[in-house]
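Chemist:
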Amino acid sequence: MKNKLVYFLFLIPFAAAAQDDLMKELEQNEKKEVELIEQTFKGTRLVNGQTVETKGAGELEFIFAHRFGAVNTGAYNLFGLDEAYVRLGLEYGITNRLGAGFGRNSVDKTMDGYLRYKALAQSKGVKNIPVTVTAFANAAIRTSPRKEDATYDITTRDRMSYTGQLLIARKFNSVLSLQLMPTIVHKNTVDKTIENNNTFALGVGGRLKVSRSIALTSEYYYRVNTPANDPYYNSLGFGIDIETGGHVFQLVMTNTRGLTERAFLTETTGDFFKGNIHLGFNVTRTFQVKKRR
Amino acid sequence: MIFNFVKSFLSNLKLIGLVLALFVFLNASAQKYTTETGIISFFSDAAVEDIDAKNNAVGSIFDTSSGEIVFLVPIKDFQFDNRLMREHFNEKYMETHKYPKSSFKGRVQGFDPKKQGIQPVKVSGKLIIHGVTRDIEEHGTMEIVGGKVVAKSKFKVKLVDYAISVPQIVWQNIAEVIDVKIEFTYKPL
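Sequences listed follow chains A and B, in order. Just add 6 to the spot in the first sequence (first one is 1) and you have my numbering. Just add 1 to the spot in the second sequence (first one is 1) and you have my numbering.
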């Protein structure tokens with residue numbers, strides 16, 4: 007008898023729940039889903055280099071990037087503002103994970119084309135993936151010097167360089183995202199006395215959001231296999247991302263003027279800590295070319 | 002002691018089964034209707050650009066016997082024409098990482114499940130958006146169509162009421178009052 011009473015008591019909360027708290031029932035009925043962690047970074051560029059981000063399917067991004075001369079060239083050169091190096095670029099999202107782009111940088115009059123593919127997207131919930139991984143590959147051609155100006159019989163092959171890169175990022179929370187970038191740059195033709203055909207580099211970078219529209223970014227590429235009399239520096243950069251409507255403005259300071267992987271990864275000439283700093287900006291505008299939904 | 006409890010628990014499994022069956026029966030006897038694919042859309046009509054978004058993953062339960070109604074809106078599931086709009090909506094305005102869901106808990110007045118045709122109803126209760134709870138009272142319609150309950154409502158949401166602030170630089174892009182449309186088709190639970 008006593009036992010049965012116990013079971014009856016068990017029933018009471020059930021009955022109460024059934025009548026009252028529909029909300030709890032609704033919450034319990036909810037399907038458990040994979041929750042994608044999005045917006046690890048604001049754009050496809052961290053400072054000079056790439057991020058894991060891809061454009062959405064049908065989105066076209068116009069990237070206008072600009073680096074001034076070095077600040078330590080002094081007042082005569084208006085602290086570098088008298089010179090400017092530009093890269094104009096376009097990137098298109100073929101799918102939400104696959105993108106293609108091309109651009110032209112005034113440094114060595116280089117044209118570059120690239121593909122990026124998001125192989126793994128960070129998520130939690132039913133499927134827990136700790137990082138986003140994007141593969142990036144480019145080919146670039148230096149069109150300077152012209153054939154008639156070259157000191158040797160330069161061929162197209164001599165002008166080419168290639169980059170393979172793995173971008174591995176984790177958004178720890180809405181404020182902090184970090185990224186690792188193991189990279190290889192292959193240059194077909196180099197001055198063997200001071201450089202290698204293949205440069206291996208490990209990049210680290212991150213983003214710190216300081217308000218809902220402003221974030222601080224930084225990026226450093228450490229070259230692993232530098233030759234003995236290497237005249238170049240590892241590239242280092244800091245930036246401030248400011249987002250306004252459909253634009254992202256990135257104000258940067260970096261020790262490189264190049265905006266293609268070959269240039270900033272393997273041919274950075276400035277020592278950041280000796281004031282060889284270039285101010286610059288990246289401005290991106292995204293257009294929806296094909297409608298979603 | 003614990004062992005004994007487990008033993009008696011196992012020996013009474015049958016009884017527990019009975020209790021559960023009774024619970025299920027009780028549950029079924031309440032006239033509850035549910036949906037997992039309710040649609041909420043909104044429209045913002047502003048000087049610079051119109052923004053509209055649609056969410057068809059709204060979960061809701063409506064108890065026709067008591068008039069109680071609840072719904073849960075996963076904010077991430079609002080779809081926009083433009084991915085950037087969706088990003089801004091989640092990251093800047095709704096702060097979805099802090100407030101992943103909006104919800105409503107209230108009561109429907111004026112619905113008779115035995116009547117045919119479109120019936121005007123009054124809904125009142127607590128609406129939570131962006132972590133802010135407000136008492137609201139809105140009008141809508143309900144209709145029984147082939148054993149399903151179709152509920153519709155249109156109302157306005159004022160952004161300041163829910164502490165949703167729009168940065169000065171883009172305020173012209175976003176209306177201060179948003180038109181919200183609800184369309185739920187409930188199946189019997």
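For each residue, glycine too, the CB sits at the ideal point set by N, CA and C.
#1: For Q117(B), does the three-state DSSP call read helix, strand or coil?
#2: Check this for me: beta carbons of L265(A) and V113(A), under 9 Å apart or not?
#3: Quick one: grab the DSSP three-state call for V216(A).
#4: Pull out every residue of the stretch 45-59 of chain A whose Cβ sits closer than 7 Å to any Cβ of chain B, in chain order.
#5: Note down, in chain order, every chain A residue with its Cβ under 9 Å from the Cβ of H98(B).
#6: Return no unless some Cβ of chain B is closer than 9 Å to the Cβ of V196(A).
#7: So, using beta-carbon positions, are T223(A) and A175(A) closer together than 9 Å?
#8: Which one or two residues does DSSP pair with E39(A) in a beta bridge?
#9: At a CB-CB cut-off below 7 Å, which residues of chain A make contact with V71(B)?
#10: Between the alpha carbons of V132(A) and I62(B), how many angstroms are there, rounded?
#11: Quick test of your reading: I284(A) and G109(A), contact by CB under 8 Å. State the CB separation rounded to the nearest angstrom.
#12: Spatial neighbours of F112(B) within its chain, please: C-beta separation below 8 Å, excluding the five flanking residues on both sides.
#13: From the DSSP output, read off the bridge partner residues of Y168(A).
#14: If we cut at 9 Å on Cβ distances, does R135(B) have a partner in chain A?
#15: In three-state DSSP terms, what is H98(B)?
#16: Against E36(A), what residues of chain B qualify as contacts under a CB-to-CB distance less than 9 Å, listed in chain order?
#17: With a Cβ-Cβ cutoff of 9 Å, do A221(A) and K215(A) count as a contact?
#18: Using a Cβ-Cβ distance cut-off of 9 Å, determine whether G286(A) contacts chain B.
#19: Nearest-angstrom Cα distance between V258(A) and R73(A)?
#20: Which residues bound the beta strand (DSSP E) around L73(B)?
#21: Roughly how far, in whole angstroms, is the beta-carbon of H131(B) from the beta-carbon of Y163(B), given that I think they are within contact range, below 8 Å?
#22: Please determine, among Q34(A), D197(A), G62(A), the residue with the shortest C-alpha to C-alpha distance to D164(A).
#23: By Cβ distance below 7 Å, which residues in the same chain neighbour K102(B) in space, the five residues on each side in sequence not counted?
#24: Measure the C-alpha to C-alpha separation of F96(A) and N202(A) and round it to an integer number of angstroms.
#25: Check whether chain B comes within 9 Å of S219(A), counting only Cβ atoms and requiring the distance to be less than that.
#26: Can you list the alpha helix (DSSP H) stretches of 4 or more residues lying completely in the stretch 22-99 of chain A, in chain order?
#27: Determine, using beta carbons only, whether L85(B) comes closer than 9 Å to chain A.
#28: Do you know how far the Cα of K99(B) is from the Cα of L110(B)?
#29: What are the residues of the stretch 252-269 of chain A that lie near chain B, defined by any Cβ-Cβ distance shorter than 7 Å?
#30: What separation, rounded to the nearest whole angstrom, lies between the Cα atoms of K115(A) and E273(A)?
#31: Any idea which residues DSSP pairs H253(A) with across the strands?
#32: Measure the C-alpha to C-alpha separation of I246(A) and Y226(A) and round it to an integer number of angstroms.
#33: Flag T138(A) as yes if its beta-carbon sits less than 9 Å from any beta-carbon of chain B, otherwise no.
#34: Helix, strand or coil: which one does DSSP assign to F79(B)?
#35: Who are the Cβ neighbours of K159(B) in its own chain at under 6 Å, not counting the five residues just before and after it?
Modeler: Checking against the coordinates, here is how it stands:
#1: In the structure shown, Q117(B) sits in coil (DSSP, three-state: anything other than H, G, I, E or B).
#2: Result yes, Cβ atoms of L265(A) and V113(A) sit closer than 9 Å.
#3: V216(A) falls in the coil class under three-state DSSP.
#4: For the stretch 45-59 of chain A, the residues whose beta carbon sits under 7 Å from a beta carbon of chain B are, in order, Q45.
#5: What H98(B) touches in chain A: N179, S180.
#6: Chain B, which has no Cβ nearer than 9 Å to the Cβ of V196(A), makes this no.
#7: One thing to note: T223(A) has its Cβ no nearer than 9 Å to the Cβ of A175(A).
#8: According to DSSP, E39(A) bridges with nothing at all.
#9: Correct list: L28, M29, L32.
#10: So the two alpha carbons sit approximately 24 Å from each other.
#11: Checking the displayed sequence, the identity of residue 284(A) turns out to be His instead of Ile. Actually they are not in contact, since the Cβ atoms of H284(A) and G109(A) sit about 18 Å apart, beyond 8 Å.
#12: Closer than 8 Å at the Cβ level, and outside the excluded window around F112(B), lie T65, G68, Q120, V122, M143.
#13: Y168(A) pairs with A145(A), H192(A).
#14: No Cβ of chain A is located within less than 9 Å of the beta carbon of R135(B).
#15: The three-state reading of DSSP puts H98(B) in coil, since its state is none of H, G, I, E or B.
#16: Contacts between E36(A) and chain B, judged by CB atoms closer than 9 Å, involve E37, G60, L73, P75 in chain order.
#17: With respect to the 9 Å criterion, A221(A) and K215(A) are classified as neighbours on the basis of their beta carbons.
#18: No, its Cβ sits nowhere closer than 9 Å to a Cβ of chain B.
#19: Straight-line measurement puts the Cα of R73(A) at about 8 Å from the Cα of V258(A).
#20: In this chain, the beta strand (DSSP E) harbouring L73(B) covers 69-75.
#21: Confirmed, Cβ separation roughly 5 Å.
#22: The residue among Q34(A), D197(A), G62(A) with its C-alpha nearest the C-alpha of D164(A) is D197(A).
#23: Closer than 7 Å at Cβ, skipping near neighbours: L73, V74, P75, I76.
#24: Checking the sequence, you will find Leu at residue 96(A) rather than Phe. Distance between the alpha carbons of L96(A) and N202(A): 30 Å.
#25: Interface residue, yes.
#26: As far as the stretch 22-99 of chain A is concerned, its whole alpha helix (DSSP H) runs of at least 4 residues are 28-35.
#27: Residue contact with chain A for L85(B): present (Cβ-Cβ distance below 9 Å to some residue of chain A).
#28: At residue 110(B) the sequence reads Gln, which differs from the Leu that was named. Whole-angstrom Cα-Cα distance: 33 Å.
#29: Within the stretch 252-269 of chain A, the qualifying residues are G252.
#30: Their backbone Cα atoms lie some 14 Å apart in a straight line.
#31: DSSP links H253(A) through a beta bridge to T250(A), R291(A).
#32: Each residue's Cα considered, the two are about 15 Å apart.
#33: At least 9 Å separates the CB of T138(A) from every CB of chain B.
#34: In the structure shown, F79(B) sits in coil (DSSP, three-state: anything other than H, G, I, E or B).
#35: Annotation for K159(B): V178 place their beta carbon closer than 6 Å to its own, counting only its chain and skipping 5 residues before and after.
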